[in-house]
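Whatever position you read off the sequence shown (first residue = 1), add 3 for my numbering. We put the CB at the ideal spot given by N, CA and C, even for glycine.
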Amino acid sequence: MPDVVIVGGGVIGAACALELASRGASVTLLERDHLAAHASGRNQGLWVLPDDDVHVPMALASLEVYRRVAAEAPLDVRLDAEPFGTVLAAMNGREAQLAQAAVARAQGHGIEVDDISGPGDIRDHEPGLTRNVAGAWLLHTGHRLDPGALTVALALAAADRGAEIRHHVQARGLAMAIALREQCAE
Numbered sequence: 004m005p006d007v008v009i010v011g012g013g014v015i016g017a018a019c020a021l022e023l024a025s026r027g028a029s030v031t032l033l034e035r036d037h038l039a040a041h042a043s044g045r046n047q048g049l050w051v052l053p054d055d056d057v058h059v060p061m062a063l064a065s066l067e068v069y070r071r072v073a074a075e076a077p078l079d080v081r082l083d084a085e086p087f088g089t090v091l092a093a094m095n096g097r098e099a100q101l102a103q104a105a106v107a108r109a110q111g112h113g114i115e116v117d118d119i120s121g122p123g124d125i126r127d128h129e130p131g132l133t134r135n136v137a138g139a140w141l142l143h144t145g146h147r148l149d150p151g152a153l154t155v156a157l158a159l160a161a162a163d164r165g166a167e168i169r170h171h172v173q174a175r176g177l178a179m180a181i182a183l184r185e186q187c188a189e
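Set out below in structure tokens:
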């Protein structure tokens, strides 16, 4: 019997399987379809710095795991090696104040930011953006990836570390095993 059973073969289940197996736990991952069959295989596949500072450390750690897994994977995860950049544009003074706060926050997390408010600069980075903006910035963040391939790569890495990955298996119930010592403690 495994130490941990994970129900769901999406990116979170596969990442948990990898982390737990890497730490020596015996892990079985169950997926009722195939890996990344649902949202994890159909999302936009874009890693960006989260808006909530509480989530930034986890997001940065996740990006490092994605890089490591992508480098070792037997399939192409198509993870950008370098950030492709995202444009932040403000259309009026109020939006410019909010944008400057977002720029300062990104810089506080080590993200390089270029002011591209000049009309030529804006067109160079985002040709479809109007020249009448109150401000525009290029944040050197954002990594595209293939979310389905990443999910499969995470599961394969977990399997390499001893996890059992089972697809087309439905979990029909959950039974909790209580350790004898916990029963005795009552």
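- When C-alpha distances from Asp124 are compared across Val90, Glu85, Leu157 and Met94, the shortest belongs to Val90.
- In the DSSP assignment, Glu34 falls outside any alpha helix (DSSP H) and lies within the beta strand (DSSP E) extending over Val30 to Glu34.
- Of all C-beta pairs linking the region 134 to 150 to the region 109 to 122, three or more are shorter than 8 Å, placing the two stretches in contact.
- When DSSP states are grouped into helix, strand and coil, Ala105 belongs to the helix group.
- Shown here for Ala42: same chain residues with a beta carbon closer than 7 Å to its own, the five before and five after excluded, namely Gly13 in chain order.
- By DSSP's assignment, His143 forms no beta bridge with any residue.
- Counting the other CB atoms within 10 Å of its CB gives Thr133 a total below 16, which places it among the exposed residues.
- If you draw a straight line from the Cα of Ile9 to the Cα of Leu49, it comes to about 25 Å.
- When DSSP states are grouped into helix, strand and coil, Thr154 belongs to the helix group.
- For Arg175, the secondary structure class from DSSP, reduced to helix, strand or coil, is coil.
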